[in-house]
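Residue numbers (our numbering): -18 to 134.
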């Protein structure tokens, strides 16, 4: 799947740039519980690193698609980036860069699990932190993901 190839390419670039991050969302769920379809690469990052992320994503061919928007129940600002798929130009590969403004968000990044991959180390939110983030957002998909994560504890 192109999303996963792109994911590992991004991870390699993040690691080479020395950026602090934690993978969250559907890709992190696949690590902790079971794979599910996702259209997004979700990355939690620190506010001070935002300009470096924007530059890196632009260098990788991504464009910021919308104005940033804030989540209701937590101090996260989401920046959505996208680029056309090389396999199907009707498809967009999407990155949701989640800028966490709370101390808890910085702690999630610092406490990330490190998983080795061919692209280098992947920094993933812990199961507990992933559940915490999904509870705050509280969508139907988040509720289903929490159930899967709690089954695997």
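From the three backbone atoms N, C-alpha and C, an ideal C-beta is built for every residue, glycine too. All values derive from a computational prediction rather than experimental measurement.
* To do: Could you tell me whether the Cβ atoms of residue 0 and residue 30 are closer together than 7 Å?
  => Here the question's residue 0 lines up with position 19 in the chain shown. Here the question's residue 30 lines up with position 49 in the chain shown. Result yes, Cβ atoms of residue 0 and residue 30 sit closer than 7 Å.
* **Option in -13, 109, 61, 34 with minimal Cα separation from residue 45** => As a first step, residue 45 is located in the chain shown; it is residue number 64 there, counting from the start. Among -13, 109, 61, 34, the Cα nearest to that of residue 45 belongs to 61.
* Asked: So does the stretch 0 to 10 actually touch the stretch 19 to 26, counting three or more Cβ pairs closer than 8 Å?
  -> yes
* Can you check the stretch 84 to 131 for any beta strand (DSSP E) of at least 3 residues that lies completely inside it and give the ranges in chain order? => 94 to 98, 101 to 105
* **For residue 113 and residue 92, the rounded distance between their alpha carbons** => Here residue 92 refers to the residue found at position 111 of the chain shown. Here residue 113 refers to the residue found at position 132 of the chain shown. Spanning the two alpha carbons is a distance of roughly 14 Å.
* Asked: Are residue 12 and residue 105 touching if we call contact CB-CB under 7 Å?
  -> As a working mapping, residue 12 is identified with position 31 in the chain shown. As a working mapping, residue 105 is identified with position 124 in the chain shown. Their beta carbons are under 7 Å apart, which means residue 12 touches residue 105 by this criterion.
* To do: Report the option in 108, 10, 20 whose CA atom is closest to the CA atom of residue -14.
  => As a first step, residue -14 must be located in the chain shown, where it is residue number 5. Nearest of 108, 10, 20 to residue -14, Cα basis: 20.
* To do: Kindly indicate which three-state DSSP category residue 21 falls into: helix, strand or coil?
  => Counting from 1 along the chain shown, the entry for residue 21 is found at position 40. Correct three-state label for residue 21: strand.
* Asked: Just curious, the beta strand (DSSP E) that residue 181 is in, first and last residue?
  -> No information on residue 181 is available, as it lies outside the stretch -18 to 134 that the chain covers here.
* Asked: Mind checking residue 81: buried by the 16 CB within 10 Å criterion, or exposed?
  -> Within the chain shown, the letter at position 100 stands for residue 81. Per the 10 Å Cβ criterion, buried.
* Following the continuous beta strand (DSSP E) through residue 3, name the residue where it begins and the one where it ends. => On the chain shown, position 22 is the one that residue 3 refers to. Where residue 3 is concerned, the enclosing beta strand (DSSP E) stretches over 3 to 5.
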